[in-house]
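I have placed the structure first, in the form of structure tokens, so that the comments after it can refer back to it.
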Amino acid sequence: MRSPLCSIHLNYRLILAISLNALTPLTFAGDHTSAENREQPGQQSEYLHSISLENLLKITVTIASRFNEDEINLGSSVSKITRQEWINRGADRLREALATQVATVISPSLWDGSAIAIRGFFGNTSSSAIAVQLDDVPMTLLRTNSALFDTLSYQLGALNSLELIRGPGSAIHGSDAFHGVIAANTYSASEDQRRMSVKLGSLGFSQADINISQGLNQTHRINSAFAYSRQNSLNQDYRNINLADDQLITGERDLDYNAYTGVVKLNSDFSSQLSSYLNLYAKGRHSDQGPGLGPNRDTLDIDHSDSDEDFYMVKAGFSQTFANQLILEGNGYFWDTDITRTFSRYRAGQPTQDQIFFEESHKGLRLYLKQADNPWNTQWLLGLEASRARLDDNHNRRISLADNSILREGINVSQGYERKINSLVFQAKTHLFNDHLDLLYGLRIDNYLDAFGHQNSPRLGIIYYPDEDQAIKLLYGQAFTPPSSLDIFGGVTIKGNREIGPEIIDTYELVYIRHSDHWKLNVTLFKSDWSDGILAVSTTDPNFSLEFSNIGEQTAQGIELSYQYVQNNWSLKANAAYVDSKNETENFDYDSFPDYIINLELGYQLSHYPVEFFIQNQWHINRDSGAVVAGAIEDPNELPDYFRLDISGHWQASKNWRLSGYIHNVFDRDNATPSTFSLPEGHPDEELNFSLSLNYRF
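Numbered by mature numbering (1 follows the signal peptide of the UniProt record, and there is no 0), the letters in the sequence shown go through residues -29 to -1, 1 to 669 in order.
Below, the structure written as structure tokens:
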């Protein structure tokens, strides 16, 4: 296996060299591109107020149906975050770009990953059961049933947008889409474009990215992006607890990292009916002393975890349009990831570090036949999918932090484990009563060839349109997620369970949405019933701290409100949510998920100057430091309300230059976010800090 630390530096230089060598000749190929594909001198900036109101308020997404649809017609609760939106807010990481989405809580997790809870259920499984996609390719790891531990390597500078489904998405995207779906869409443009940016922060953060789109001729276009970021050591204090005597203990974490994402795409439009693409990807990261396992694992003042990741992927596909809007799409992908993860804890009074080494390979083929409209007034899609995943390597090592001696090492029993899935997807939406009513229906059948047999994910809905600007929706969706190899075989400190079964969730939604010329409103009532949830619970086995189990019934219900307004020089985005989630079997509430969440963003553009200002506020009310851990932490501490104010300003100095400044946590509040493993005071949020960003088009 490669040395991950050396490999990440090698790969970052390699992808940079590949990008630059691929892109440099394109500046000379530009003469072969038609004038329509070149950026015109009078082209507007990317500022919020230079974008049309229609584009701002009526976004289109593909994540909910594999058709381009605006949100008033969607059969799921979906939001979209554009590149310009996270630049306006000053987000540096994927989890920061998602942090202000309605009914969503995001917190640091093991290996400097992300714990994401949507509509309740924040606990020690909040880093799983949410699907992550990179350009429509599923990124879920076989070992952990999650891609959220590796969100650092999804660099925002290489992305165009993020799309988020709140609620089940299995009817379209399969078993990983349990609580939601996060789709990361990498950089792509349809006209010649070159842009780069650099950013520096007062807490030792730095970031750089470059995006280039170049037409080679009338048929072929290359889109390339590379982004890199680095965080120097923060030496951040945190509080832990010794469960033996309930004494609080202070520790310190470095929380330093470096990460990169690179992508090169060749797009070919052979005619108006036939197109193809070939995409190459590389991403990786190295992080030191991120959050660890929490107080119930004897972590005390060394509650740390480290991680290294190297990832490569190739994806190719085509689209063929026939008569009557009939479209055949196909794609295939292969990706490989090599990961090292560590965590520290005391054993028999001795500081130790457990090291986990694993490599996974994933591949898939997908074919879809779809039609947007026909004489039957039905939009429909039929798909066939086949995916294979293999845990090629999985071994462990335990060392003493006192003298670096090896205490034990071995191969995990899950090494060589394979998962094979064949899937059939059908979905349709029939327009009735002169398009005043849509009937939505669909079913996905996943055949797990390794152990689980057939699993069904149905989807039903009715959408009523009083007029073209508003809709009332009644939606139902079911999702399931199978146990991961870690759930089945266990790990260093958590015992596996060979009898563990899949989890099921049923979600019901009542939605009202309305668009106007200058504003839009969305109100959603939801209820979710989650059965056979997989959680880490206490065990009587002296060799382990916890074991995985299907512990029974859990429920969540609540209301979401979203409002957006744009007129003249002003813009307003606001959302709020009330959520109540509970473990019915163990009889405890998920109080680490706030009762109330309020997010607010106000924007203003000066009338006679190319200057904009944004004020962003997050407010989380009534929450605990973490979830209940049966047999260890029965009554987590209550956290103060989370209240954070950020300010940003943006100056378009010229057509090509833009300067942005950010102040984060303006009031320097000691905010904290909940901990998946119930640290007594949660995870400390960032202190007052400043950053500057320079963007250049060339």
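Just so you know, even glycine gets a beta-carbon here, dropped at the ideal spot from N, CA and C.
Because the structure is a prediction, the values reported are computed rather than measured.
Where A196 is concerned, the enclosing beta strand (DSSP E) starts and stops at H191 to Q202.
Using a Cβ distance threshold of 8 Å, H275 and S239 do not count as a contacting pair. Nearest in C-alpha terms to N521, of all of P454, F176 and K254, is P454. At the C-beta level, Y209 and P655 come within 8 Å of one another. When secondary structure is reduced to three states using DSSP, R90 falls in the coil class, being assigned neither helix nor strand.
Remark: C-beta atoms of A527 and S141 do not approach each other more closely than 8 Å. Nearest in C-alpha terms to F614, of all of G46, N116, P437 and A643, is A643. Around S204, the same chain offers D225 and D227 as residues with beta carbons nearer than 6 Å, after the five sequence neighbours per side are excluded. At a Cβ-Cβ threshold of 8 Å, A129 and G61 do not count as neighbours. Just so you know, the alpha carbons of L251 and V285 end up roughly 5 Å apart. The C-beta separation of N660 from L123 comes to about 19 Å, leaving the pair out of contact by the 8 Å criterion.
Cβ neighbours of D277 within its own chain (closer than 6 Å, five residues either side excluded): D259 and T313.
One thing to note: A154 has its Cβ within 8 Å of the Cβ of L133. The DSSP-derived three-state label of W501 is strand. The alpha-carbon of A507 is positioned some 8 Å away from that of T96.
For G303, the three-state secondary structure derived from DSSP is strand. As a beta-bridge residue in DSSP terms, H425 pairs with N418. Judged by their CB atoms, S332 and D363 are nearer to each other than the 8 Å cut-off. For W57, the enclosing alpha helix (DSSP H) stretches over residues R54 to R60.
Look at H144 here: in three-state DSSP terms it is helix. Rounded to the nearest whole angstrom, the CA to CA distance from F92 to V73 is 15 Å. Relative to the Cα of S394, the nearest Cα in the group L420, F241 and Y388 belongs to L420. Residue environment analysis places I377 among the exposed positions, since fewer than 16 neighbouring C-beta atoms fall within 10 angstroms of its C-beta. Across the set Q386, I101, L543 and L297, the C-alpha of L297 shows the shortest separation from the C-alpha of P346. The segment 107 to 125 makes no contact with the segment 615 to 622: fewer than 3 CB pairs, one atom from each, lie closer than 8 Å. The count of Cβ pairs closer than 8 Å, one atom from the segment 459 to 469 and one from the segment 493 to 502, stays below three, leaving the stretches out of contact. Per the Cβ contact rule, the segment 527 to 537 is in contact with the segment 545 to 554 (3 or more Cβ pairs under 8 Å). Here the alpha carbon of P473 sits roughly 13 Å from the alpha carbon of G145. Comparing alpha-carbon positions, the option among F197, F564 and F460 lying closest to S168 turns out to be F197.
Here T511 is exposed. Its C-beta has fewer than 16 other C-beta atoms within 10 Å. DSSP, read as helix, strand or coil, puts S124 in helix.
When the alpha-carbon of G151 is set against those of T75, T33, S563 and I52, the nearest one is in T75. Taking each of E605, E658, I634 and R485 in turn and checking the Cα distance to D217, the smallest one comes out for E605.
With the rule of 3 Cβ pairs closer than 8 Å, the segment 436 to 450 counts as touching the segment 475 to 491. In chain order, I416 place their CB closer than 6 Å to the CB of N427, counting only its own chain and leaving out the 5 sequence neighbours on each side.
Distances from the CA of E380 to each of G138, R368, K170 and P109 were compared; the closest alpha carbon is that of R368.
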